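Undergrad: Chains as they are written, first to last, in my numbering: chain W, 41 to 238; chain D, 3 to 172.
Submitted below is the structure of interest, expressed as structure tokens.
Here is the structure:
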């Protein structure tokens with residue numbers, strides 16, 4: 041089922057890419073429309089800043105537009121655009137250095153019905169009566185304490201739900217490296233969020 | 003449930019952080035505005051440079067080096083093969099041969115495409131087997147010798163021109 045969805049998405053992307061390569065700007069707009077929410081999540085969770093996210097996304101799609109004719113279809117468009125996004129975001133983070141200013145997005149109302157949220161806020165743990173805003177702030181701070189490589193794999197795997205194999209293609213590293221980075225990232229997050237998960 | 007799973011549950015909650023409503027459509031409008039303004043701002047040179055760097059981006063350095071060498075080689079070949087435009091310029095090979103002393107002293111090389119003067123043919127005639135320049139051929143020369151009463155030598159060799167002896171093939 042999952043494969044079928046993946047394949048039909050791939051086919052849809054292939055058609056849009058082909059049209060965009062032939063100069064159909066509307067087809068490229070459709071790709072932007074489709075991938076903006078996903079890439080927004082990726083960039084936002086790596087930068088923790090809304091303005092930086094919007095600016096970076098503009099740069100990412102501008103670069104993709106300039107390079108679309110060179111996209112040969114050896115990988116899926118999804119992997120290609122994610123690779124561009126990760127590389128550009130990592131470059132941006134290196135330039136930004138330690139001048140980090142957190143500006144958080146709104147949390148959608150769906151979180152109230154999320155089984156994970158219900159579990160952590162209604163259980164006997166320390167999160168029982170936590171303020172939603174406080175939880176969001178702590179999570180963003182914890183993410184920013186991770187190294188950029190570790191933050192990337194946590195974003196792609198835990199938040200965006202990508203598979204190890206896809207992450208390895210996007211980052212150009214082995215699956216073993218992805219698993220190893222995830223392990224160390226989780227261990228660090230455990231230390232930073234110690235009082236939440238006890 | 004392990005502590006790692008608890009951490010994952012917590013971190014997964016971040017997926018509920020969303021951009022403001024209408025963000026995507028506004029984003030596309032901004033994207034179009036940016037594209038248009040970039041086109042107006044960029045000079046032809048910067049556009050060319052950007053396209054060039056985009057083209058080479060992601061290609062291994064080896065490929066780039068080979069491409070660069072190929073471009074240099076092509077330019078060099080094109081520069082060498084273009085005629086310089088001087089009417090009295092002899093073929094480069096002839097000039098080199100002359101520099102190396104391959105031609106006989108005192109015999110000037112012909113300009114490519116220029117007419118051979120009788121003076122020049124006079125200088126060269128003792129050295130040439132063929133007499134194309136005079137409208138004749140080596141065989142005719144042999145026939146002329148025969149007509150003049152000079153018989154080929156019985157040693158199996160024939161002197162076609164003074165100083166040049168060729169073996170007869172039987």
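C-beta: ideal position from N, C-alpha, C; glycine also.
Just so we're clear, the structure is a prediction, and the values are computed from it rather than from any experiment.
How would you call residue 70 of chain D, buried or exposed, if buried means at least 16 neighbouring beta carbons within 10 angstroms?
TA: Start at 1 with the first residue of the second chain, and residue 70 of chain D comes out as number 68. Answer is exposed; the Cβ neighbour count stays below 16.
Undergrad: Beta-carbon separation of residue 57 of chain W and residue 101 of chain W under 8 Å?
TA: Looking up residue 57 of chain W in the first chain gives position 17. Looking up residue 101 of chain W in the first chain gives position 61. It is not a contact, given that the beta carbons lie outside the stated cut-off.
Undergrad: Nearest to residue 205 of chain W by alpha carbon, out of W:151, W:232, W:219?
TA: Position 165 of the first chain, counted from the first residue, corresponds to residue 205 of chain W. Residue W:219 is the option with its Cα nearest to residue 205 of chain W.
Undergrad: So is residue 88 of chain W buried or exposed if we call it buried at 16+ other beta carbons inside 10 Å?
TA: Walking along the first chain from the start, residue 88 of chain W turns up at place 48. By the 10 Å Cβ count, residue 88 of chain W comes out buried.
Undergrad: Less than 8 Å separating the beta-carbons of residue 72 of chain W and residue 31 of chain D?
TA: Residue mapping note: residue 72 of chain W aligns to position 32 of the first chain, counting from 1. Residue mapping note: residue 31 of chain D aligns to position 29 of the second chain, counting from 1. No. Outside cutoff.
Undergrad: Ends of the alpha helix (DSSP H) at residue 27 of chain D?
TA: Mapped onto the second chain, residue 27 of chain D falls at position 25. From DSSP, the alpha helix (DSSP H) with residue 27 of chain D extends over 25-43.
Undergrad: Nearest to residue 78 of chain W by CA position, among D:77, D:75, D:16, is which residue?
TA: If you number the first chain from 1, residue 78 of chain W lands on position 38. For the residues D:77, D:75, D:16, the minimum Cα distance to residue 78 of chain W belongs to D:16.
Undergrad: For residue 233 of chain W, would you say it is in contact with chain D, using Cβ-to-Cβ distances shorter than 8 Å as the test?
TA: As a working mapping, residue 233 of chain W is identified with position 193 in the first chain. Chain D contact via Cβ: present.
Undergrad: Within the 8 Å Cβ cut-off, does residue 60 of chain W reach chain D?
TA: Here residue 60 of chain W corresponds to residue number 20 of the first chain, with the count starting at 1. Taking Cβ atoms only, chain D never reaches closer than 8 Å to residue 60 of chain W, which makes this a no.
Undergrad: Go through its chain and collect everything with a Cβ distance to residue 81 of chain W's Cβ below 7 Å, but skip five positions before and after it.
TA: Walking along the first chain from the start, residue 81 of chain W turns up at place 41. Here the set comprises 199, 200.
Undergrad: Which residues in the same chain have their Cβ closer than 6 Å to the Cβ of residue 159 of chain W, if we skip the five residues on either side of it in sequence?
TA: As a working mapping, residue 159 of chain W is identified with position 119 in the first chain. Once the five neighbours on either side are set aside, residue 159 of chain W has no close Cβ partner at all.
Undergrad: Suppose contacts are defined by Cβ-Cβ distances below 8 Å. Is residue 109 of chain W in contact with residue 61 of chain W by that definition?
TA: Reading the first chain from its first residue, position 69 is the one you call residue 109 of chain W. Reading the first chain from its first residue, position 21 is the one you call residue 61 of chain W. In contact: residue 109 of chain W and residue 61 of chain W (Cβ atoms closer than 8 Å).
Undergrad: Around the Cβ of residue 43 of chain D, are there at least 16 other Cβ atoms within 10 angstroms (buried) or fewer (exposed)?
TA: By one-based count along the second chain, residue 43 of chain D stands at place 41. Exposed, since its Cβ has fewer than 16 Cβ neighbours within 10 Å.
Undergrad: Distance check for residue 124 of chain W and residue 57 of chain D, CA to CA, integer angstroms please.
TA: Locating residue 57 of chain D in the second chain gives position 55, where the first residue counts as 1. Locating residue 124 of chain W in the first chain gives position 84, where the first residue counts as 1. Computed Cα separation, rounded: 15 Å.
Undergrad: Can you check whether the C-beta of residue 63 of chain W is within less than 8 Å of a C-beta belonging to chain D?
TA: The residue you call residue 63 of chain W lines up with position 23 of the first chain. Not one chain D Cβ lies under 8 Å of residue 63 of chain W.
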